[in-house]
Amino acid sequence: MNCPVCGSLLAEKELEPFLTARQCSSCHGLWLSSTTYLVWVQRCPTDNTAMPPVIGAEKGDYSSKLGKDKQHRAKLCLDCGKIMYPIRIGFGLPFRIDCCSKCTSIWLSAEEWAALKQLNLHNRLHLICSDAWQTELKRRDSAAIREAILRDKLSPEDRDKVEQTKLWLQNHPHRNLIVSLLLDQEEK
Ligand SMILES: [Zn+2]
Ligand SMILES: [Zn+2]
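So for the sequence shown, my numbering puts the first residue at 3; every next one is plus one.
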């Protein structure tokens, strides 16, 4: 089996007890087969819940070390041959991991396992690759953008009013009616 980045040979490496990966002898990237990984995840004591990712919660300085050998060039899965996609992680981590679109096997570059481990995300790679996780990241991005626009355009008093109105509307039995009336008003 050869490295999808530099073509050197991959050798077996015990990443954790009961988790064997394959590591490139040259760039030190890691190949994690989904079958091996999922077996390990099930046997390791872990919080398997899909904790919502926190954007911008930087822990440690990874920026100098990480993501440098990820030129985001297309890689093919070493297990099934399908294309791999760079997947965002959240938690303020600046790099993406390559995940197979079919079998969810994963390619990590040299420093990424340690960075994921430090944030206790190394046992949640299968969740990070899931649609639910990625959708949540997008939802949080949109919320952050809306938040930034509100901060930029509105006074603190107006922002308070927006927050209060949101709370009031949230549980209102005629919420949809009120919203449609408000939008009608705006268009006239
Ligand atoms: Zn390599
Ligand atoms: Zn695959």
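The beta carbon of each residue, even a glycine, is placed where N, CA and C say it ideally should be.
Fair warning: this is a prediction, and the values are worked out from it, not measured in the lab.
In its chain, beyond the 5 residues on either side, R161 have a beta carbon closer than 8 Å to the beta carbon of R153. In the three-state DSSP reduction, A23 falls in the strand class (E or B). Here N178 is exposed. Its C-beta has fewer than 16 other C-beta atoms within 10 Å. Your pair L123 and I130 checks out as a contact, with CB atoms roughly 7 Å apart and the cut at 8 Å. Bridge partners of N125 according to DSSP: none are assigned. For R126 and T22, the gap between their C-alpha atoms comes out near 16 Å. Secondary structure at P88: strand, using DSSP grouped into helix, strand and coil. Annotated three-state conformation of A117 is helix, per DSSP.
Here the alpha carbon of L118 sits roughly 9 Å from the alpha carbon of L95. Remark: fewer than three beta-carbon pairs, one from each stretch, lie closer than 8 Å, so the region 133–144 and the region 167–185 are not flagged as touching. Between the alpha carbons of Q172 and V7 lies a distance of about 49 Å. I99 sits close to I89, with the two beta carbons spaced by under 8 Å. Proximity of the beta carbon of S132 to ligand 2 is not indicated: no heavy atom of the ligand is located closer than 7 Å. Residue pairing for L12: DSSP places it in a beta bridge opposite C26.
Secondary-structure assignment with DSSP links C101 through a beta bridge to Y87, I108.
Inclusion of S28 in the 7 Å shell around ligand 1 follows from its C-beta lying nearer than that to a non-hydrogen atom of the ligand.
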